[in-house]
Amino acid sequence: MYLLDTTLRDGEQTPGVCFMRHDKMAIVDYLTRLGVREIELRSPVLDPEGFDDWMALQNTYSSVDFLCWCRTRKEDLEQALRARVSRLHMALPLSDIQLSTIHMDGDRALESIYSLVQWAQSRFEFVSVGAQDVGRAPPERLLGFADCLWLIVTG
(Lines of atoms letter the chains of each structure in order from A and count residues from 1; the text may use other names and numbers.)
(Lines give C-alpha, C1' and ligand atoms only; values in the text may rest on other atoms or scores of the structure.)
Protein backbone atom coordinates (compact mmCIF):
# COMPACT_ATOMS: atom_id res chain seq x y z
CA MET A 1 0.00 0.00 0.00
CA TYR A 2 1.24 3.49 -0.84
CA LEU A 3 0.29 6.29 1.54
CA LEU A 4 0.34 10.03 0.83
CA ASP A 5 -0.31 12.38 3.73
CA THR A 6 -1.61 15.96 3.35
CA THR A 7 -1.60 17.04 7.01
CA LEU A 8 1.11 19.67 6.50
CA ARG A 9 -0.88 21.23 3.65
CA ASP A 10 -4.54 20.68 4.50
CA GLY A 11 -3.97 21.04 8.24
CA GLU A 12 -2.53 24.52 7.85
CA GLN A 13 -5.56 25.61 5.87
CA THR A 14 -7.71 25.14 8.95
CA PRO A 15 -8.53 28.47 10.62
CA GLY A 16 -6.32 29.03 13.63
CA VAL A 17 -3.84 26.27 12.80
CA CYS A 18 -0.22 27.18 12.26
CA PHE A 19 2.45 24.53 12.64
CA MET A 20 5.79 25.62 14.01
CA ARG A 21 8.93 23.85 12.80
CA HIS A 22 9.02 21.51 15.80
CA ASP A 23 5.37 20.58 15.08
CA LYS A 24 6.18 19.82 11.44
CA MET A 25 9.18 17.71 12.46
CA ALA A 26 7.10 15.77 14.98
CA ILE A 27 4.34 15.15 12.41
CA VAL A 28 6.81 13.94 9.77
CA ASP A 29 8.62 11.79 12.33
CA TYR A 30 5.36 10.13 13.36
CA LEU A 31 4.21 9.64 9.76
CA THR A 32 7.51 8.03 8.73
CA ARG A 33 7.25 5.62 11.67
CA LEU A 34 3.79 4.70 10.34
CA GLY A 35 5.31 3.95 6.93
CA VAL A 36 4.20 7.05 5.05
CA ARG A 37 6.76 7.79 2.34
CA GLU A 38 5.16 10.75 0.56
CA ILE A 39 4.10 13.92 2.33
CA GLU A 40 2.46 16.88 0.67
CA LEU A 41 3.57 20.34 1.75
CA ARG A 42 2.11 23.78 1.09
CA SER A 43 3.55 25.90 -1.66
CA PRO A 44 6.55 27.91 -0.43
CA VAL A 45 4.84 30.92 -2.00
CA LEU A 46 1.83 30.46 0.28
CA ASP A 47 4.07 29.83 3.28
CA PRO A 48 7.10 32.14 2.85
CA GLU A 49 7.98 31.98 6.56
CA GLY A 50 8.09 28.21 6.23
CA PHE A 51 10.69 28.14 3.46
CA ASP A 52 13.47 27.33 5.95
CA ASP A 53 11.20 24.64 7.42
CA TRP A 54 10.96 23.08 3.95
CA MET A 55 14.70 22.89 3.71
CA ALA A 56 15.04 21.47 7.23
CA LEU A 57 12.42 18.78 6.58
CA GLN A 58 14.07 17.71 3.33
CA ASN A 59 17.52 17.63 4.92
CA THR A 60 16.33 15.68 7.96
CA TYR A 61 14.02 13.17 6.26
CA SER A 62 15.82 12.06 3.13
CA SER A 63 13.74 8.85 2.96
CA VAL A 64 10.54 10.87 2.44
CA ASP A 65 9.33 12.12 -0.92
CA PHE A 66 8.02 15.61 -0.28
CA LEU A 67 5.40 16.69 -2.78
CA CYS A 68 4.87 20.41 -3.21
CA TRP A 69 1.26 21.54 -3.72
CA CYS A 70 1.23 24.59 -5.99
CA ARG A 71 -1.26 26.84 -7.59
CA THR A 72 -1.00 26.96 -11.37
CA ARG A 73 1.19 30.04 -11.27
CA LYS A 74 4.75 30.25 -12.47
CA GLU A 75 5.85 32.04 -9.28
CA ASP A 76 4.74 28.99 -7.27
CA LEU A 77 6.67 26.63 -9.52
CA GLU A 78 9.79 28.79 -9.41
CA GLN A 79 9.68 28.94 -5.62
CA ALA A 80 9.29 25.15 -5.49
CA LEU A 81 12.47 24.91 -7.58
CA ARG A 82 14.28 27.18 -5.13
CA ALA A 83 13.11 24.89 -2.33
CA ARG A 84 14.80 21.98 -4.17
CA VAL A 85 11.55 20.07 -4.50
CA SER A 86 11.58 17.24 -7.02
CA ARG A 87 7.88 16.33 -6.86
CA LEU A 88 5.08 18.74 -7.68
CA HIS A 89 1.30 18.79 -7.73
CA MET A 90 -0.46 21.66 -9.49
CA ALA A 91 -4.11 22.43 -8.86
CA LEU A 92 -6.17 24.35 -11.39
CA PRO A 93 -9.49 25.85 -10.32
CA LEU A 94 -12.21 25.13 -12.87
CA SER A 95 -15.31 26.78 -11.43
CA ASP A 96 -16.11 30.42 -12.12
CA ILE A 97 -16.18 31.05 -8.37
CA GLN A 98 -12.65 29.73 -7.82
CA LEU A 99 -11.31 31.33 -11.00
CA SER A 100 -12.58 34.72 -9.88
CA THR A 101 -10.35 34.49 -6.79
CA ILE A 102 -7.29 34.41 -9.03
CA HIS A 103 -8.68 36.91 -11.55
CA MET A 104 -8.70 34.46 -14.41
CA ASP A 105 -11.32 33.22 -16.85
CA GLY A 106 -11.79 29.62 -17.97
CA ASP A 107 -10.10 29.98 -21.36
CA ARG A 108 -7.01 31.61 -19.87
CA ALA A 109 -6.87 28.94 -17.16
CA LEU A 110 -6.82 26.15 -19.73
CA GLU A 111 -4.19 27.94 -21.80
CA SER A 112 -2.00 28.42 -18.73
CA ILE A 113 -2.11 24.79 -17.62
CA TYR A 114 -0.71 23.55 -20.93
CA SER A 115 2.38 25.77 -20.83
CA LEU A 116 2.93 25.40 -17.07
CA VAL A 117 2.81 21.60 -17.15
CA GLN A 118 5.31 21.51 -20.00
CA TRP A 119 7.57 23.96 -18.14
CA ALA A 120 7.30 21.91 -14.93
CA GLN A 121 7.94 18.56 -16.63
CA SER A 122 11.29 19.80 -17.83
CA ARG A 123 12.33 20.81 -14.29
CA PHE A 124 10.77 18.37 -11.82
CA GLU A 125 11.14 14.61 -11.43
CA PHE A 126 7.39 14.14 -11.00
CA VAL A 127 4.46 16.38 -11.93
CA SER A 128 0.79 15.75 -11.25
CA VAL A 129 -2.15 17.96 -12.10
CA GLY A 130 -5.52 18.18 -10.45
CA ALA A 131 -8.68 20.19 -10.86
CA GLN A 132 -10.32 22.17 -8.07
CA ASP A 133 -14.04 22.60 -7.56
CA VAL A 134 -15.10 20.48 -10.53
CA GLY A 135 -18.60 20.07 -9.12
CA ARG A 136 -19.35 23.72 -9.88
CA ALA A 137 -17.42 23.88 -13.15
CA PRO A 138 -19.20 24.03 -16.48
CA PRO A 139 -19.03 20.58 -18.12
CA GLU A 140 -17.39 22.01 -21.25
CA ARG A 141 -14.53 23.44 -19.13
CA LEU A 142 -13.95 20.08 -17.50
CA LEU A 143 -13.84 18.48 -20.95
CA GLY A 144 -11.44 21.20 -22.09
CA PHE A 145 -9.23 20.44 -19.08
CA ALA A 146 -9.24 16.73 -19.96
CA ASP A 147 -8.45 17.53 -23.61
CA CYS A 148 -5.58 19.76 -22.56
CA LEU A 149 -4.07 17.07 -20.35
CA TRP A 150 -4.52 14.52 -23.13
CA LEU A 151 -2.54 16.76 -25.48
CA ILE A 152 0.25 17.02 -22.91
CA VAL A 153 0.39 13.26 -22.32
CA THR A 154 0.24 12.29 -25.99
CA GLY A 155 2.55 15.06 -27.17
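Numbering (this note's numbering), first residue to last: 12 to 166. Ideal Cβ positions, reconstructed from N, Cα and C, are used throughout, including at glycine.
> Roughly how many whole angstroms lie between the Cα atoms of Asp65 and Cys81?
Replying inline: If you number the sequence shown from 1, residue 65 lands on position 54. If you number the sequence shown from 1, residue 81 lands on position 70. What sits at residue 65 in the sequence shown is Trp, not Asp. Straight-line Cα distance between these residues: approximately 14 Å.
> With 16 as the cutoff for other CB atoms within 10 Å, does Leu103 come out buried or exposed?
Replying inline: In the sequence shown, the residue the question calls residue 103 occupies position 92. Around the beta carbon of Leu103, 16 or more other beta carbons lie within 10 angstroms, which makes this residue buried.
> Is the number of C-beta pairs between the stretch 113-123 and the stretch 88-99 that are closer than 8 Å three or more?
Replying inline: These segments do not touch.
>> Please return the same chain residues whose Cβ sits closer than 7 Å to the Cβ of Leu42, not counting the five positions on each side in sequence.
In response: Locating residue 42 in the sequence shown gives position 31, counting from the first residue. Here the set comprises Asp16 and Ile50.
> Ordered along the chain, which non-local residues of its own chain (more than five positions away) have a Cβ less than 8 Å from that of Glu23?
Replying inline: By 1-based counting over the sequence shown, the position of residue 23 is 12. So the qualifying residues of the chain are Cys29, Phe30, Arg53 and Asp58.
> Where DSSP assigns a beta bridge to His100, which residues make up the other side?
Replying inline: In the sequence shown, residue 100 corresponds to position 89, counting from 1. Looking at the DSSP output, His100 shares a beta bridge with Trp80 and Ser139.
>> Please list the terminal residues of the continuous alpha helix (DSSP H) segment that includes Ile50.
In response: Your numbering for residue 50 matches position 39 in the sequence shown. Looking at the DSSP string, Ile50 is not in any alpha helix (DSSP H); the run it does join, the beta strand (DSSP E), is Glu49 to Leu52.
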